[in-house]
Every structure is written in structure tokens, then in C-alpha cells.
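Engineer:
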Amino acid sequence: MSEMADADLRPRDAVDAWPQDPSLSGFRAIQSVLCCPVDASAIVWDPGDRRLVCGRGDHAFPLEAGIPCLFAPNDWPADRRDVTDIVKSFYEQTPFPNYDGLDTRDSLRRKAGESIFGRMLDEKIPQAARILEVGCGTGQMSNFLGMRWGRSVIGADLCMNSLKLAKGFRDRFSINNTHFVQINLFRPPFAPASFDVVISNGVLHHTSDCARAFRSIASLVKPGGLIVVGLYNWLGRLPTLWRRSLIERFGDAAAFLDGRLRGGGPTARREAWYQDQYRHPHETSHSMDEVLGWLDAEGFDFTASIPTIGDVEFVDDISLFEPKPPGRRRDRLSSEIEMLLSGGTDGGLYVMVGCKRR
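Counting from 226, one number per residue, gives the positions in the sequence shown under the numbering used here.
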């Protein structure tokens, strides 16, 4: 693991005449790791225009509800499909996951701790790490990880409605180590190799080019740092897609086939799950072999997966940081078949972790 970033994220010395405006506190806390998503120059606050501007003065960005809006649209050729706008519109209307029932720090800590993924990250990521969550949605994981003293966490997403919910919870419970910013992950407003840990769970498969999205966020990891990605598996996702086809054919009544929708719990949370799993406008799915290829191509060694590969049993003290053999191809296929036969738990989502070579 690389040397951890200093927790001090104070702004550059060149900008020290800050107006006493509470809405600037979030920007001030993370200014040193931000750059213009268009030309990569420094980002500063212009008190005259009350906007964020790049060091060259060519690009300006608003600050909304204390959240830096550093989203820059893709500059792809006109004939290349771009689903950013339709995905953004979907999540602006249906933020995911919903905060219903999470009314305290303890309730969020309990919910996150119930999942292997959340518990593993919180326990294994070093205390002084600088963490970026790409596609944080409503920021539950970012807020959870930011409760640990000494960490610096940035939650980034393209949807402002989701980010406002995230920041609202953060402000209500004084989770001062966590901050939020609006971005396009294909044009991230961060310098390369800025973070000890980059997390993107259930996000990249909703982009126009999942492999390219992976390359974009992988560049933000420091040598010795970690990348953690959660994706729909090509086999594990099939049960959800079968249920989705039945819902499209027979109507919403067919949703009873999903155990999460049959069960109890807050209505808003079940509705958010239904929309994300069965009404999303765009998704792809990917094999373990495919992601291992991405990791290797970007200079990462495989370190862990959930579920584990082959017949290796998952244990709580599994190391996230030490490279380990990814098993044989038939071992990985066996794990994927097990995801399928289990009915596509968590929508067929699986997690792969890699450590960037020094």
C-alpha cells in the first residue's frame, strides 16, 4: 500500500482570502485534489462571479448547495453512443440507494456493516487513506467510510439530486471527513494518482463504455493503492434479466418473483431497488476474466473478490492488499455458475479488487 495522504486537504496558499461563506467549506476542504475536468489546470474560487474557475480562466463551474459542480460533457465523436444523459436523468428522478429508514449515524453504520463489502472496506482500508468513491449515488458508502477518524473521503457522482441527499445526511450528522462533488467519470476533475483507494460499486456497467470507464478511474489510483469495482456478472445477472423480461411482459405484478420486493421494509427502499434493477435504461454485464484483463492492462495485481474464486472460502481476515493467484479459468467459471444457480444474489453484482504495481 502506498504512503497514505495527509488528512490536511487545505486549499493552495495562492488562494487565502476566503469570504466567510459556509457554502465554500466543502470546496475549500478538497480544493487541493481538484483540477479542471477540461484542461487539468487548478480550480479556484472567483468571488466576483461566485463561481469556480480554472487556473487558465477558460472554464467556469457553479457551486450548488455547497457542492462543486465539475461535470464536463464527453467530447466523443457524434457517431459514438453516449448514454450519460439518459442515465443521469434516470437517477435524478430515482436516487439510489434511498435513505429511508436511515435517520442516524448508527443506523447507517449498522446497514453498511451488515454487508460483507461495507464491513470489509471499513476494516481493511487504513485509517489515514484518501478515498474516492466514483458513482457514490446518495453517498451512503462515502458517509459510512468517512465516519472513521483520520480518513479523507470524496464521494463523486453525476446526479445532483443524489449528491444533495448525500450532503444533507453528511451535514446533519457532522461527518466532516466526507465531501461530495459532481463529475463525469470519463473526465474526472482529479489529477492522476491522487488517491490511495478508488471505489466504484455498481456504476461502470451503466456507462457507454465500461472498459474505458475502468481505465479512467484506474488512472486516479496511486502506485501501491487499491481499486475496488463492483459489476454485474454475465452469468450472475441472468436471473434478474429473466425476471425483468417477465415484468415487461406481464406487468409489475411479476415483481413478486424478487425476494427483496416480496419482503417487508420501507416502501421507498423497495421502490428504489425495483427501479434500479428492473427499469434502468442501460446496463452491461462482464466476466471475471474480462475484469482481470482490465486490471492487468492498467498495472494492477488481483488481490481479492466477492464472491471468492473457485472453492476458496471467504474469511473476514482476507487481505485486500496482497496480490494472490486469481485461480484457473475453470475456477472462475465455477464461481460465476454458482452466482447463476444462487438466483443472482444482489442482482448478480460481484466485486473485484486490485493493487496498483509500484
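Backbone N, C-alpha and C fix where the C-beta goes; we use that ideal spot for every residue, glycine too.
Only a predicted model underlies this, so the values are computations on that prediction, with no experimental measurement involved.
1) Using the C-alpha atoms, what's the distance from residue 257 back to residue 179?
2) Do residue 357 and residue 445 have their beta-carbon atoms positioned less than 8 Å apart in this structure?
3) Between which two residues does the alpha helix (DSSP H) harbouring residue 393 extend?
4) Take residue 338 and list the residues in its own chain whose beta-carbon comes closer than 6 Å to its own, dropping the five residues that flank it on each side.
5) Cα separation between residue 237 and residue 250?
6) Shortest alpha-carbon distance to residue 341 belongs to which of 529, 329, 560, 553?
7) Per DSSP, what kind of secondary structure is residue 368 in: helix, strand or coil?
8) Where do the N-terminal and C-terminal ends of the beta strand (DSSP E) with residue 447 fall, by residue?
9) Straight-line CA distance for residue 279 to residue 388?
10) Nearest-angstrom Cα distance between residue 574 and residue 464?
11) When DSSP labels each residue in this structure, what does residue 548 get in the three-state scheme?
12) Inspect the beta-carbon positions of residue 398 and residue 335 and report whether they are closer than 8 Å.
13) Around the Cβ of residue 401, are there at least 16 other Cβ atoms within 10 angstroms (buried) or fewer (exposed)?
14) Please go through the same chain and pick out, in chain order, the residues whose beta-carbon is closer than 8 Å to the beta-carbon of residue 539, but skip the five residues on each side of it.
15) Would you report the Cα separation of residue 579 and residue 274, rounded to the nearest angstrom?
16) According to the Cβ coordinates, are residue 513 and residue 559 closer than 8 Å?
17) If we count the other Cβ atoms within 10 Å of its Cβ and call it buried at 16 or more, is residue 286 buried or exposed?
18) So, is residue 235 buried or exposed, given that buried needs 16 or more other C-beta atoms within 10 angstroms?
19) DSSP state of residue 555, grouped into three classes?
20) From this set, 543, 468, 361, which residue's C-alpha is nearest residue 423's C-alpha?
21) In terms of DSSP beta bridges, what is residue 581 paired with?
22) Just grab the DSSP bridge partners of residue 407 for me.
23) To the nearest angstrom, how far is it from the Cα of residue 260 to the Cα of residue 440?
24) Following the continuous beta strand (DSSP E) through residue 425, name the residue where it begins and the one where it ends.
25) Going by the DSSP bridge assignment, what does residue 511 pair with across the sheet?
26) I need the straight-line Cα distance from residue 430 to residue 267, nearest angstrom please.
27) Using 8 Å as the cut-off, can you tell me whether the stretch 362-380 makes contact with the stretch 310-321, which would need three or more C-beta pairs spanning the two stretches below that distance?
28) Where do the ends of the alpha helix (DSSP H) carrying residue 473 lie?
29) Going by other Cβ atoms of all chains shown within 10 Å of its Cβ, with 16 needed for buried, is residue 228 buried or exposed?
30) In this structure, how does DSSP classify residue 340 when only helix, strand and coil are distinguished?
31) Short of 7 Å in beta carbon distance, which residues of its chain neighbour residue 349, apart from the five on each side in sequence? Order them along the chain.
32) What does a CB cutoff of less than 6 Å around residue 231 pick up in its chain, not counting 5 residues either side in sequence?
33) Can you round the beta-carbon distance between residue 494 and residue 479 to whole angstroms, since I take them to be within the 8 Å contact cut?
34) In terms of residues, what are the limits of the beta strand (DSSP E) holding residue 327?
35) For residue 496, report the span of its alpha helix (DSSP H) as first-last.
Structural biologist: On the basis of the coordinates in this document:
1) Residue 179 is absent from the structure shown; the chain starts at 226 and stops at 583.
2) yes
3) Element bounds for residue 393: 385-397.
4) 344
5) Because residue 237 carries a pLDDT of 40, less than 50, the predicted location of this residue cannot be relied on, and the following value inherits that uncertainty. Distance between the alpha carbons of residue 237 and residue 250 is about 14 Å.
6) With distances taken between Cα atoms, residue 341 lies closest to 529.
7) helix
8) 446-457
9) 22 Å
10) 12 Å
11) coil
12) A distance of 8 Å or more separates the beta carbons of residue 398 and residue 335.
13) exposed
14) Closer than 8 Å at the Cβ level, and outside the excluded window around residue 539, lie 341, 531, 532, 533.
15) 42 Å
16) no
17) buried
18) Caution is warranted here: a pLDDT of 39 is assigned to residue 235, below 50, making its placement in the model unreliable, and no coordinate value can be reported.
19) helix
20) With distances taken between Cα atoms, residue 423 lies closest to 361.
21) 525
22) 294, 382
23) 18 Å
24) 420-426
25) 458
26) The alpha-carbon atoms of residue 430 and residue 267 are separated by roughly 30 Å.
27) yes
28) 463-475
29) With a pLDDT of only 44 at residue 228, under 50, the local geometry of the prediction cannot be trusted, and no value is derived from it.
30) It is coil, neither helix nor strand.
31) 545.
32) Confidence in residue 231 is poor, its pLDDT being 40 and thus under 50, which makes the residue's placement unreliable; the coordinate value appears in the next sentence. Apart from sequence neighbours up to five positions away, no residue of its chain approaches residue 231 with a beta-carbon distance below 6 Å.
33) In fact, because the Cβ distance is near 20 Å, the residues do not count as touching under 8 Å.
34) Where residue 327 is concerned, there is no enclosing beta strand (DSSP E), because DSSP gives it neither an H nor an E.
35) 492-503
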